[in-house]
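Protein chains: 6
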Amino acid sequence: MTQLLAAGAYDVYFTPIQMKKDRPAVKLSVLGNPLAKTALTKLILAETSTIGVRYQTWQRAIMQRHFETVQTPYGAVQLKVATYDDIEKKTPEFDDCAQLARKHQIPLMTVYQAALAAAGQLAKGE
Amino acid sequence: MTQLLAAGAYDVYFTPIQMKKDRPAVKLSVLGNPLAKTALTKLILAETSTIGVRYQTWQRAIMQRHFETVQTPYGAVQLKVATYDDIEKKTPEFDDCAQLARKHQIPLMTVYQAALAAAGQLAKGE
Amino acid sequence: MTQLLAAGAYDVYFTPIQMKKDRPAVKLSVLGNPLAKTALTKLILAETSTIGVRYQTWQRAIMQRHFETVQTPYGAVQLKVATYDDIEKKTPEFDDCAQLARKHQIPLMTVYQAALAAAGQLAKGE
Amino acid sequence: MTQLLAAGAYDVYFTPIQMKKDRPAVKLSVLGNPLAKTALTKLILAETSTIGVRYQTWQRAIMQRHFETVQTPYGAVQLKVATYDDIEKKTPEFDDCAQLARKHQIPLMTVYQAALAAAGQLAKGE
Amino acid sequence: MTQLLAAGAYDVYFTPIQMKKDRPAVKLSVLGNPLAKTALTKLILAETSTIGVRYQTWQRAIMQRHFETVQTPYGAVQLKVATYDDIEKKTPEFDDCAQLARKHQIPLMTVYQAALAAAGQLAKGE
Amino acid sequence: MTQLLAAGAYDVYFTPIQMKKDRPAVKLSVLGNPLAKTALTKLILAETSTIGVRYQTWQRAIMQRHFETVQTPYGAVQLKVATYDDIEKKTPEFDDCAQLARKHQIPLMTVYQAALAAAGQLAKGE
C-alpha cells in the first residue's frame with residue numbers, strides 16, 4: 001500500500017474474495033490517475049504474486065475540501081470541510097484528536113465529539 | 127439503503143473492504159438508472175461519510191418476470207417466474223411463505239419446500 | 253434474525269466464511285441467555301439449512317445504559333448514555349435523528365451532529 | 379483443507395480478517411475430535427505460515443441423519459433426512475442432482491426442484 | 505465454478521456482500537472472453553438463483569508465462585516463470601510440490617522452499 | 631489497534647460482520663494476557679462505539695522462535711525460525727527485505743525469495 005500511494009495512487013484497498021480450488025484470496029484495488037497507469041501496473045506485477053492487472057475507467061464526483069479550525073476544551077482541532085452543491089460536511093481530523101487525547105489522557109471519542117460539537121456551534125454562529 | 131431505494135436505485139449492497147492505516151471499511155454499491163445519477167450522488171454524499179462517488183456504466187441481461195400462484199397444503203403461495211430464452215426458474219415468494227408459516231406455526235422452510243414441490247408438479251401438469 | 257430476536261436472542265450477526273468444495277457460506281452467531289438455549293437451537297435447526305449448532309459460554313462486561321433528551325435546532329433527540337466505571341459515552345438515537353431529518357428534509361448527519369453538539373453542551377453545563 | 383479433513387477434522391473453514399500493519403489475512407477454523415488435537419495442531423503448524431494455534435471446547439447439538447431415495451422424472455436422487463426432536467429436514471444430495479443434470483443436459487436446479495417435489499409427495503403418501 | 509471454467513471463463517471468484525432486508529449474499533464475478541459472453545450468461549442464469557447479469561469490458565495487462573524445471577533434493581519441480589518488461593517472477597508449481605511432499609512425507613512448505621532455493625541458483629548460474 | 635497493542639494485547643484483528651437492521655459492522659478481536667483484561671476492556675469501551683465486551687479463555691500452542699541471519703546477494707537478512715517438536719519453519723523478516731529492496735531499487739519479492747533460497751541452503755549445509 002505504501003509504495004502504491006507513493007507512486008501516485010489516489011486510493012488503495014483490499015477486498016476478501018474466494019477463488020477456485022478452495023483458495024481464499026484478496027483483491028487489490030488501486031485508484032489512480034491514467035498517467036500513473038504504467039508505473040502502478042509495474043509496481044503491482046513486481047511486488048505482488050499476481051500475474052495480471054485489469055483496468056477500468058471510472059468517472060468521479062468529488063467534494064471540494066478545505067480546512068477550518070475549531071477550539072475545543074482540550075485544544076484546537078482542524079476540521080475537514082467537504083462541500084458539493086449545497087451539501088456541507090465537517091469532519092474532525094483524526095490525528096489532531098488523537099494527539100489531544102494522548103496529551104490529556106482522555107478517550108479519543110471525547111475529543112472527537114467535542115470537535116463535532118464545536119463545529120455545530122461554528123455553523124450556527126457564522 | 128432505504129433512502130437510496132426510495133430515490134430510484136435498482137439495488138444497493140455493501141462489500142467489506144480494508145483501507146490504508148488499518149481502517150476496516152464498507153464499500154457502498156448502488157445500481158440505478160443513469161437518469162437518477164444526480165439524485166443518488168447527492169444522497170450518498172449528504173448521508174454518508176464519503177467525500178467521493180465513482181460511476182461506471184454496465185450492460186445488463188435481465189430475466190423477464192411474472193407471477194403464478196400455486197396451492198400448497200398450507201395455502202396459496204405466489205411464485206416469481208423468471209424466464210430468459212429457454213431458461214425458466216420459479217421461486218416461491220418469501221413473504222407469502224413467511225406469512226403461512228406464522229399462521230400454521232411451522233418452519234418457513236416447510237412452506238417454501240411445499241411451494242417448490244407444487245411448482246414442480248405445475249410444470250409437469252401444464 | 254427477526255425470529256431469533258423475538259425468541260430471546262440478545263444479538264444476532266452473520267460472518268462470511270469459505271467452506272470446503274468451493275462453497276461460500278455465512279456463519280450465523282447468536283448471543284442469548286442460557287435459559288433460551290433450547291428454544292434458539294430448535295429455531296436455528298428448523299429455519300435454516302444447518303444440521304448442527306455449537307455452543308460456548310462467554311463472560312460479558314456491559315456498560316450501564318440510560319437515556320437523556322437534548323434539544324437541537326430541529327427538535328428533541330434522545331441520547332443513549334452508556335457508563336462503565338469512569339467511562340461515559342453519549343450516542344444520539346438513530347431513529348430520532350432519522351425522523352427529524354425526514355421532517356426537515358435535511359441530511360441525517362446534520363441532525364446527528366447537532367445532537368452530539370447539544371450533548372457536549374449538556375455535559376459542560378451540568 | 380484436504381489434509382485436515384483426512385487427518386480427522388469434522389469441518390474446516392476460512393474467515394477473512396484484517397490484521398495490524400495493513401495486512402489482510404485469513405483465519406483458519408478447524409472443528410475436530412479432542413483426540414485428533416495433536417495431529418491437527420502439528421499439521422497446521424507444519425503446513426501453514428502460522429506460528430500458533432488456539433483451542434476452545436464447544437458443545438454441539440447435531441441432527442440425526444439418514445438417507446432416503448426418491449424417484450424424479452430424471453432418475454433416482456438420494457435425500458439427506460435430518461431430524462432433531464420434531465424437526466425434520468430433507469435435502470436432495472447435491473452430487474446426485476449434478477450427475478443427473480449433466481446426463482440430461484438440464485440445469486441442476488431443475489433436478490433439485492424435482493427431488494424436492496418428490497420428497498414432498500413421499501411425505502404426504504407415507 | 506467448474507461449469508463456468510469449462511465453458512470458457514478465464515477466472516471465477518466470489519465476494520461476500522450484504523444486501524437489503526438483512527440478507528447476506530455472495531457476488532459471483534466471472535472473467536471471460538467476449539465471445540463466450542452468451543454461453544456464460546445463460547449458464548449463470550440457469551444454474552444460480554440470480555435473475556440478472558451485469559457486464560463490463562476491462563483492459564488487461566498480463567505477464568508472459570513459460571515453465572522451467574528445477575531439481576530439488578526431493579525431485580523435480582516445475583516453476584512458472586512470469587515476465588513483463590524487465591520484471592521476472594518464478595513460482596514453484598503447487599501441485600508438483602504437494603506430490604513430492606506426500607511422497608516424502610514432509611511438509612509442503614519444505615519442498616516449496618527447496619524449489620525456490622533451486623530457482624535462485626538457476627538464476628545465478630545462467 | 632496501536633493503543634491495544636501498547637496496553638498489552640498479544641494480537642488484534644478485525645472481522646467484517648453483518649448486524650441486524652442492514653448494518654454492516656466490524657468485530658474487534660483482542661488476544662491478551664488475563665492480567666491485562668481490565669485494562670483492555672476499559673480501552674475498548676472508552677475508545678470504540680461498542681457498549682459490551684465478551685471474554686473467552688483459549689488454550690494456545692505456540693512455536694518457539696529464535697532468529698538466524700543469512701547472506702543474500704543483496705545483503706544480510708534475519709530469518710525468524712519457528713520450531714515445535716520436529717517442525718521447523720524459517721521466514722525472512724519483512725522489514726529487512728523491504729530495506730534491502732529499497733536500497734537496491736529492486737522488488738521486495740526478489741529479496742524475500744533470495745532469503746528463502748539462502749535459508750534452504752543453510753538447512754542443507756548445517
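Residue numbers (the numbering used here), protein chains in the order written: chain A, 1 to 126; chain B, 127 to 252; chain C, 253 to 378; chain D, 379 to 504; chain E, 505 to 630; chain F, 631 to 756.
Using N, Cα and C, we set each Cβ at its ideal position, and we do this for glycine too.
Are the Cβ atoms of residue i and residue j separated by less than 8 Å?
i: Ile395 of chain D; j: Phe724 of chain F; result: no
i: Glu162 of chain B; j: Ala133 of chain B; result: Checking the sequence shown, residue 162 of chain B turns out to be Ala, not Glu. Yes.
i: Thr678 of chain F; j: Ala744 of chain F; result: no
i: Leu295 of chain C; j: Leu352 of chain C; result: no
i: Leu549 of chain E; j: Ile213 of chain B; result: yes
i: Trp184 of chain B; j: Gln560 of chain E; result: yes
i: Tyr640 of chain F; j: Leu658 of chain F; result: no
i: Lys651 of chain F; j: Val264 of chain C; result: no
Rounded C-beta distance between residue i and residue j? I'm assuming under 8 Å.
i: Ile303 of chain C; j: Ile429 of chain D; result: Going by Cβ atoms, the distance from Ile303 of chain C to Ile429 of chain D rounds to 34 Å, so no, they are not a contact pair.
i: Gln349 of chain C; j: Leu331 of chain C; result: A quick correction: the sequence has Cys, not Gln, at residue 349 of chain C. At roughly 11 Å, the Cβ-Cβ gap does not stay under 8 Å, so Cys349 of chain C and Leu331 of chain C are not in contact.
i: Pro470 of chain D; j: Val455 of chain D; result: 5 Å
i: Val530 of chain E; j: Thr545 of chain E; result: Actually they do not touch by this definition, with Cβ atoms about 18 Å apart.
i: Ile448 of chain D; j: Ala496 of chain D; result: Looking at the sequence provided, one finds Val at residue 448 of chain D rather than Ile. Right, the Cβ-Cβ distance comes to about 4 Å (below 8 Å), so this counts as a contact.
Can you list the residues of chain F that residue i reaches, using a CB-CB cut of under 8 Å?
i: Glu93 of chain A; result: Within chain F, no residue comes near Glu93 of chain A; the closest Cβ sits about 17 Å away, beyond 8 Å.
Please compile the residues from chain D whose C-beta is within a distance smaller than 7 Å of the C-beta of residue i.
i: Pro24 of chain A; result: Phe392, Pro394 and Val404
For residue i, which residues in chain C fall below 7 Å Cβ to Cβ?
i: Pro199 of chain B; result: Ordered by position in chain C, no residue passes the 7 Å Cβ test against Pro199 of chain B, which lies about 17 Å from the chain.
i: Thr671 of chain F; result: Ala313
Interface residues of chain F around residue i at Cβ under 7 Å?
i: Ala414 of chain D; result: None at all; the shortest Cβ gap to chain F is about 14 Å.
i: Ala334 of chain C; result: Ile681
What residue from the options has the CA that sits closest to residue i's CA?
i: Thr380 of chain D; options: A:Arg23, A:Tyr74 and A:Asp11; result: A:Arg23
i: Arg569 of chain E; options: E:Lys594, E:Thr545, E:Tyr578 and E:Gly579; result: E:Lys594
i: Gly457 of chain E; options: E:Thr542, E:Arg606 and E:Asp589; result: Chain E is shown only over 505 to 630; residue 457 of chain E falls outside these bounds and no answer can be derived.
i: Arg60 of chain A; options: A:Glu68, A:Phe67 and A:Tyr84; result: A:Tyr84
i: Val489 of chain D; options: B:Val237, B:Thr236, B:Gly246 and B:Asn159; result: B:Gly246
Under 9 Å Cβ-Cβ, which residues of chain A neighbour residue i?
i: Leu171 of chain B; result: Ala61, Met63, Ala82, Tyr84, Asp85, Ile87 and Lys89
Let me see if you follow: with CB-CB separation under 8 Å, is residue i close to chain H or not?
i: Gly372 of chain C; result: Included in the structure are the protein chains A, B, C, D, E and F, with no chain H among them.
Listing by chain order, which chain C residues have their CB less than 8 Å from the CB of residue i?
i: Leu234 of chain B; result: Glu299
Determine the chain B residues that contact residue i at a beta-carbon separation under 8 Å, and present them in chain order.
i: Ala494 of chain D; result: For clarity, residue 494 of chain D is Leu in the given sequence; the question names Ala instead. Those within 8 Å of Leu494 of chain D in chain B are Gln239, Leu242, Ala243 and Gly246.
i: Met631 of chain F; result: Asp148
Under 9 Å Cβ-Cβ, which residues of chain E neighbour residue i?
i: Gln182 of chain B; result: Gln560
Under 9 Å between beta-carbons, which chain B residues line up against residue i? List them in chain order, please.
i: Leu5 of chain A; result: Lys146
Could you tell me which uninterrupted beta strand (DSSP E) segments, each at least 3 residues in length, are contained entirely in the stretch 312 to 337 of chain C, listed from first to last along the chain? 316 to 324 and 327 to 336
Which runs of the beta strand (DSSP E) fall wholly inside the stretch 255 to 315 of chain C and span at least 3 residues, in chain order? 261 to 271, 275 to 284, 304 to 307 and 311 to 314
Length-filtered (4 minimum) alpha helix (DSSP H) runs lying within the stretch 604 to 629 of chain E: 612 to 629
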